[in-house]
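Each remark here refers to the structure printed beneath this line.
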Amino acid sequence: MRAFSGQAYSGVIMGSTRTSTPHLFSAVIAVGVAATILFAGRLVAIRLERRTLAWTAPQQFQLKNQGMVFQRTAARENSVLPLYGSSELIIGVPNRANKFFQNAPTGFQVSPVGTVGATSLIILQKIAALGSDLRGRRLAVSISPAWFLMPATRVDWYEGNFSLLTACELTFGKTVDVELKRDIASRMLQFPGTLERSPLLEFALRRLSSGNWFDRLIFCAILPLGKIYTAGLELQDHFSAVVHILYATKPAPALQRQRPDRPTPITKASEPKIYAQAKVENAPVNVESMAPGRFDSRFRNRMNTAPEWADVELLLRALAKVHARPLLLSMPLDGRFYDKQGYSRLARQNYYEKMRALARRYNFTLIEFEDHDEDPAFLDAKHTHLTQEGWLFYNRALDDFFHGRVPRS
Numbered sequence: 447m448r449a450f451s452g453q454a455y456s457g458v459i460m461g462s463t464r465t466s467t468p469h470l471f472s473a474v475i476a477v478g479v480a481a482t483i484l485f486a487g488r489l490v491a492i493r494l495e496r497r498t499l500a501w502t503a504p505q506q507f508q509l510k511n512q513g514m515v516f517q518r519t520a521a522r523e524n525s526v527l528p529l530y531g532s533s534e535l536i537i538g539v540p541n542r543a544n545k546f547f548q549n550a551p552t553g554f555q556v557s558p559v560g561t562v563g564a565t566s567l568i569i570l571q572k573i574a575a576l577g578s579d580l581r582g583r584r585l586a587v588s589i590s591p592a593w594f595l596m597p598a599t600r601v602d603w604y605e606g607n608f609s610l611l612t613a614c615e616l617t618f619g620k621t622v623d624v625e626l627k628r629d630i631a632s633r634m635l636q637f638p639g640t641l642e643r644s645p646l647l648e649f650a651l652r653r654l655s656s657g658n659w660f661d662r663l664i665f666c667a668i669l670p671l672g673k674i675y676t677a678g679l680e681l682q683d684h685f686s687a688v689v690h691i692l693y694a695t696k697p698a699p700a701l702q703r704q705r706p707d708r709p710t711p712i713t714k715a716s717e718p719k720i721y722a723q724a725k726v727e728n729a730p731v732n733v734e735s736m737a738p739g740r741f742d743s744r745f746r747n748r749m750n751t752a753p754e755w756a757d758v759e760l761l762l763r764a765l766a767k768v769h770a771r772p773l774l775l776s777m778p779l780d781g782r783f784y785d786k787q788g789y790s791r792l793a794r795q796n797y798y799e800k801m802r803a804l805a806r807r808y809n810f811t812l813i814e815f816e817d818h819d820e821d822p823a824f825l826d827a828k829h830t831h832l833t834q835e836g837w838l839f840y841n842r843a844l845d846d847f848f849h850g851r852v853p854r855s
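All residue numbers for the sequence shown refer to the working numbering, where the first residue is 447 and numbers rise by one.
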């Protein structure tokens with residue numbers, strides 16, 4: 447009787463094993479099929495993104511600013527020059543770079559990335575997230591002096607430009623070293639509202655920012671999970687990009703071939719009339735004039751203590767770490783406006799000197815347009831955005847830089 451019971455029990459076990467084996471095999475097959483479909487879909491998406499680059503590169507839209515797909519595609523293309531900046535990139539001026547170079551009149555297009563409130567802290571996250579895709583690549587960064595006159599980075603600006611995907615690419619990527627990640631993480635943690643959506647990202651940033659070996663060990667332990675999480679966000683980004691392309695893409699513009707005997711539109715920036723021409727939109731502001739130099743000490747203190755200096759140095763460190771070849775374009779201060787506020791040219795000189803010192807430290811090309819500090823035609827009435835004439839000078843510098851010439855101011 448006992449022998450019979452043992453044989454029966456053994457038979458039940460063997461039957462159960464035979465039953466579970468097909469289920470396990472089916473699960474493995476299902477996972478493999480799903481992975482194959484996702485992989486194939488990603489390849490199709492990448493091919494579509496490359497085919498439509500001539501249209502998407504000069505365009506500006508939220509998905510491009512918040513995602514990485516369109517930025518990465520542009521960074522990999524030799525005939526596209528990425529341009530990172532802030533609100534000056536979206537102000538409706540006909541001569542702004544993406545419109546000016548839309549049909550590649552001199553052999554390349556400009557791909558703008560940036561919107562209102564994007565400062566160095568936002569731009570550096572995008573640069574670090576692109577990582578090796580920028581190795582040896584040219585790109586331009588537009589810098590606004592207004593950033594360096596703010597006592598603190600505006601929370602609403604940062605939150606409005608923050609990208610979870612970009613932050614995860616930076617945090618869990620391998621291009622940026624731990625020391626630079628630590629410094630960036632410490633800065634990002636000052637904006638806790640952006641991390642509420644991702645406890646994993648916040649946990650990782652806190653481990654990075656502490657700097658001690660035990661927290662670094664914990665970060666290494668959660669790194670595989672972070673990479674899986676980032677991969678999921680990347681797939682969502684590709685899906686959103688495909689939807690945008692299918693429903694919003696128009697035929698690519700006909701690219702122009704530049705003949706050696708035909709003058710380029712860039713020559714417009716050399717016309718003397720630009721210096722003398724003052725637009726109605728840039729008329730003198732109706733404010734009570736102060737004696738120039740009256741508040742110079744206040745200006746210098748405000749400028750020198752701005753947190754933006756630390757952020758822009760993080761940006762330059764990120765550019766150096768990914769081995770990019772950047773052109774730094776700094777808009778000039780509106781000298782006429784600041785003269786009336788009691789800030790002299792001598793005080794404003796402090797900004798230009800500090801920018802030059804930073805650029806020299808990292809051996810980056812900088813055009814600060816200091817000669818246009820009091821040019822009435824360079825900046826608009828808001829003192830922070832380029833006019834049509836200002837953009838012509840920007841465009842000439844971009845064209846020189848792309849073609850390997852020394853950029854002119």
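Glycine included, C-beta positions come from ideal geometry on N, C-alpha and C. None of these values were measured; they are calculated from a predicted model.
Query, Result
"Report back the beta-carbon spacing between residue 776 and residue 820 to the nearest angstrom; my notes put them in contact at under 8 Å.", "The pair is not a contact, with the Cβ atoms about 16 Å apart (cut-off 8 Å)."
"Are the region 601 to 614 and the region 545 to 559 touching, with three or more C-beta to C-beta distances below 8 Å?", "no"
"Is it right to say residue 845 is buried, meaning 16 or more other beta carbons lie within 10 angstroms of its own, or is it exposed?", "buried"
"Check whether the Cβ atoms of residue 798 and residue 816 sit closer than 9 Å, and answer yes or no.", "yes"
"Which same chain residues, not among the five before or five after residue 622, have their C-beta less than 8 Å away from its C-beta?", "574, 577, 616, 630, 764, 767, 768"
"Starting from residue 584, follow the alpha helix (DSSP H) in both directions and report where the run begins and ends.", "Run containing residue 584: none in the alpha helix (DSSP H); it sits in the beta strand (DSSP E), 584 to 589."
"Kindly indicate the opening and closing residues of the alpha helix (DSSP H) around residue 772.", "From DSSP, residue 772 is part of no alpha helix (DSSP H) but of the beta strand (DSSP E) over 771 to 776."
"Per DSSP, what kind of secondary structure is residue 567 in: helix, strand or coil?", "helix"
"Using DSSP bridges, identify the partner residues of residue 548.", "DSSP output for residue 548 lists no bridge partner at all."
"Closest to residue 652 by C-alpha separation, out of 502, 665, 582, would be which residue?", "665"
"With a Cβ-Cβ cutoff of 9 Å, do residue 611 and residue 683 count as a contact?", "yes"
"Are the beta-carbon atoms of residue 437 and residue 745 separated by less than 9 Å?", "Any property of residue 437 remains undetermined from this structure, which presents the chain solely from 447 to 855."
"What are the complete alpha helix (DSSP H) segments, minimum 4 residues, inside the region 626 to 682?", "645 to 656"
"Would you mind sorting residue 530 into buried or exposed? The rule is 16 or more other CB atoms within 10 Å of its CB.", "buried"
"Give me the Cα-Cα distance between residue 557 and residue 587, rounded to the nearest whole angstrom.", "11 Å"
"Straight-line CA distance for residue 818 to residue 568?", "27 Å"
"How is residue 536 classed by DSSP in three states: helix, strand or coil?", "coil"
"May I have the straight-line CA-CA distance separating residue 811 from residue 675, to the nearest angstrom?", "37 Å"
"Can you list, in chain order, the residues of its chain whose CB lies under 6 Å from that of residue 801, leaving out five sequence neighbours each side?", "776, 814"
"With 9 Å as the threshold, decide whether the Cβ of residue 839 is near any Cβ in chain C.", "This model lacks chain C altogether; it includes just one protein chain."
"Using the Cα positions of residue 534 and residue 644, report the straight-line distance between them to the nearest angstrom.", "31 Å"
"Name, in chain order, the residues that DSSP records as bridge partners for residue 825.", "832"
"I need the straight-line Cα distance from residue 646 to residue 761, nearest angstrom please.", "24 Å"
"Relative to the C-alpha of residue 598, which residue among 607, 537, 748, 523 is closest?", "748"
"Which one of 607, 658, 673 has the shortest CA to CA distance from residue 620?", "673"
"Taking only three categories from DSSP, how would you classify residue 555?", "strand"
"Determine whether the beta carbon atoms of residue 824 and residue 778 lie at a separation below 9 Å.", "yes"
"With 16 as the cutoff for other CB atoms within 10 Å, does residue 625 come out buried or exposed?", "exposed"
"I believe residue 495 touches residue 770 by the beta-carbon criterion, under 8 Å. Please report the beta-carbon distance rounded to the nearest angstrom.", "About 21 Å; that fails the 8 Å criterion."
"For residue 434, which of helix, strand or coil comes out of DSSP?", "The requested residue 434 does not occur in the structure, where the chain is confined to residues 447 to 855."
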